[in-house]
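S.K.: Residue numbers for the sequence shown follow this note's numbering, so the first one is 249 and each next one is one higher.
All residues carry an ideal CB built from backbone N, CA and C; glycine is no exception.
No experiment lies behind these values; they were computed from the predicted model shown.
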Amino acid sequence: QTAIVIGEPKHGMWRFQENGYIRVYRVQGRRGIPLEKREQVLDLAGIVLLDAGADEEEKKKVDENNKLYGVLMANYKHIESKHSTLEYAFGEEVFEAEGGEKWLNWIDLPIFHSKFGSKYEYHVPIDLPLWYCQVSSAQFPHLAAAWDLIKEQPGANKVGPLGKRAGLDIRENFNHV
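#1: So is W351 buried or exposed if we call it buried at 16+ other beta carbons inside 10 Å?
#2: Taking the alpha-carbon of G403 as reference, which of R413, E287 and V425 has the nearest alpha-carbon?
#3: Need the endpoints of the beta strand (DSSP E) that E306 sits in, please.
#4: Do I374 and R419 have their CB atoms nearer than 8 Å?
#5: Decide if the region 313-330 is in contact with the region 265-274; the criterion is three or more beta carbon pairs, one per stretch, under 8 Å apart.
#6: Should W354 go down as buried or exposed, given a rule of 16 or more other Cβ atoms within 10 Å for buried?
#7: Compute the Euclidean distance between the alpha carbons of I281 and N405, then round it to the nearest angstrom.
#8: Using the Cα positions of D311 and W395, report the straight-line distance between them to the nearest angstrom.
#9: Which residue wins for smallest C-alpha separation from V289, given the options K363, R278 and L298?
#10: So the alpha helix (DSSP H) E287 belongs to, where does it begin and stop?
#11: List the DSSP bridge partners of I355.
#12: For K285, count neighbouring C-beta atoms within 10 Å of its own C-beta (all shown protein chains included) and say buried if the count is 16 or more, exposed if not.
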């Protein structure tokens, strides 16, 4: 395994504390997940169909879960490089909508969440630390040129066993490695 660190001299390094999670952001201008429903969303298993004999309370709960799942699937995205404009609702974790309703601007979902299908069902445990350094501005043309060159190398985006244990193969978190 090889690590290349590109950054500015004034920068420090930060450790990811959420290994095994994918942060999804609310699309700007769209309805969000109510703050008080955060835990409920973490447990969603996808759209649920009921048997004909279900009681009213069970029907109400399933209907609410299905609506939350719909909001999560339609209105929350992970960051992708193909989105040239920032259409995400950044800022504070909680957004207060008109009428006082509080929505999550983002939520950290486990990689095994139903939003990602069974894509990571057999993923190795993510037990190694991961560090990052963020460039503070888009006005670093030499750094951008170096990164573009790195991304085009034959070994780019090929994650080995240690990289997988650090979660570098989780494409929703890393567009290029």
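M.R.: Result, derived from the coordinates:
#1: Result: buried.
#2: Cα-wise, what sits closest to G403 is V425.
#3: No beta strand (DSSP E) contains E306, which is instead part of the alpha helix (DSSP H) from E304 to N323.
#4: No.
#5: Yes: the two stretches touch, three or more of their Cβ pairs being nearer than 8 Å.
#6: Looking at its Cβ environment, which holds 16 or more other Cβ atoms inside 10 Å, W354 is buried.
#7: Spanning the two alpha carbons is a distance of roughly 33 Å.
#8: Taking the straight line joining both Cα atoms gives about 46 Å.
#9: Answer by Cα proximity: K363.
#10: R286 to L290 is the span of the alpha helix (DSSP H), which, as asked, contains E287.
#11: The partner list for I355 (beta bridge, DSSP) reads V272.
#12: With 16 or more Cβ atoms within 10 Å of its Cβ, K285 is classed as buried.
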